[in-house]
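This report refers to the structure that appears directly beneath it.
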Amino acid sequence: MTTTIQPAFDGAERLPLPPRDTWTAAQAEAAKELVAGPRGGVIGPFKPLMYSPDLMARVQKTGEYLRYNTGLDKRLTELAILIVAHHWGQPVEWNIHYPIALQAGVKQADADAIAAGSAPQMLDAEQTLVYDFCRQVLTHKAVDDDCYAALLAAFGERGVVDLTSLCGYYSLLAMVMNVARTPD
Numbered sequence: 002m003t004t005t006i007q008p009a010f011d012g013a014e015r016l017p018l019p020p021r022d023t024w025t026a027a028q029a030e031a032a033k034e035l036v037a038g039p040r041g042g043v044i045g046p047f048k049p050l051m052y053s054p055d056l057m058a059r060v061q062k063t064g065e066y067l068r069y070n071t072g073l074d075k076r077l078t079e080l081a082i083l084i085v086a087h088h089w090g091q092p093v094e095w096n097i098h099y100p101i102a103l104q105a106g107v108k109q110a111d112a113d114a115i116a117a118g119s120a121p122q123m124l125d126a127e128q129t130l131v132y133d134f135c136r137q138v139l140t141h142k143a144v145d146d147d148c149y150a151a152l153l154a155a156f157g158e159r160g161v162v163d164l165t166s167l168c169g170y171y172s173l174l175a176m177v178m179n180v181a182r183t184p185d
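The number in this note's numbering is simply the position in the sequence shown, starting from 1, with 1 added.
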C-alpha cells in the first residue's frame, strides 16, 4: 500500500491535458520532446504546462537535469522531492515519487513519517542533512549558517546549488498542479 498525503486542494481539474487534435505546433513539439525523454509521456505537471509549451520545454529540461543528473545520490534527491511534495500538499508529486524513493533506498518508515508531518527517525547522516536543509528552505525561505556549512562540507557548492534548485523546481511543479488541480 502506498502512503498518501492530504492534497492542498479540492474540486474539479482546471487545466486538463488539451485534446491532441487541438494542439498547436509548439504544443506538439513540446509533447514529442517529453515523450522521447526519460519521462516517456505527458504526465502530472506537464499536463497543465502544455498550455505554455515554451515554458514546458524549458521546465522539463531543468527537471531532467535535477532529477537525473545532479551529483547527489538518487535516494537523497527522492527524499528531497518527498519533503517538497508534503510541504505543498501535492499528491501527484507524492504518488509518483513515493515508490521511487523507496526503491532508491529511503526507508518506508521515514517516508511515512514525512507523509504524516513528523520528523523521520531512521535517516542516515546525509539524509539528515538533506532533510534539515529542505525543511529550513521551505519553511523559513532560507537556511541557517550551521545547516549551510554542514551541507557545503558534505556536498560542496554544486550540491548546495543543486539541492536548492531541486526544492525550487519541485515547488514550481507543485504550485502548477495545485492551481490546476491536477488529479493524476
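Yeah, the Cβ is synthetic: ideal placement off N, Cα and C, and Gly gets one too.
One thing to note: residue 47 has its Cβ no nearer than 7 Å to the Cβ of residue 182. By the neighbour-count criterion, in which 16 or more other beta carbons inside 10 Å mark a residue as buried, residue 153 falls on the exposed side. Listed in chain order, the alpha helix (DSSP H) elements of length 4 or more contained wholly in the segment 98-174 are 109-117, 126-141. Close CB contacts of residue 172 within its chain, under the 8 Å cut and outside five residues either way in sequence, are with 85, 88, 89, 139 (chain order). Between residue 65 and residue 100 a beta carbon distance of about 20 Å is seen, past the 8 Å cut, so the two are scored as non-contacting. Counting along the chain, the unbroken alpha helix (DSSP H) around residue 89 starts and ends at 75-89. Residue environment: residue 110 is assigned as exposed (fewer than 16 neighbouring CB atoms within 10 Å of its CB, all protein chains considered). Only residues of its own chain outside the window of five on either side were considered, and among them 120, 121, 122 have a CB closer than 8 Å to the CB of residue 114, listed in chain order. In this structure the segment 65-78 touches the segment 122-138; the number of beta carbon pairs closer than 8 Å is three or more. Counting other Cβ atoms within 10 Å of its Cβ, residue 71 reaches 16 or more and is therefore classed as buried. Within the model, the alpha-carbon separation for residue 34 versus residue 165 is close to 26 Å. Look at residue 52 here: in three-state DSSP terms it is coil, with no helix or strand label.
DSSP places residue 28 inside the alpha helix (DSSP H), whose first and last residues are 26-37. Counting only residues of its own chain and dropping the five nearest sequence neighbours on each side, residue 148 has a CB closer than 7 Å to the CB of 133, 134, 137. Contact between residue 51 and residue 31 is confirmed by a C-beta separation of about 7 Å, below the 8 Å threshold. Take residue 112, set aside five residues on each side of it, and the residues of its chain with a beta-carbon closer than 7 Å to its own are 4, 83, 99, 102, 103, in chain order. Per DSSP, reduced to three states, the secondary structure at residue 10 is coil, with no helix or strand assignment.
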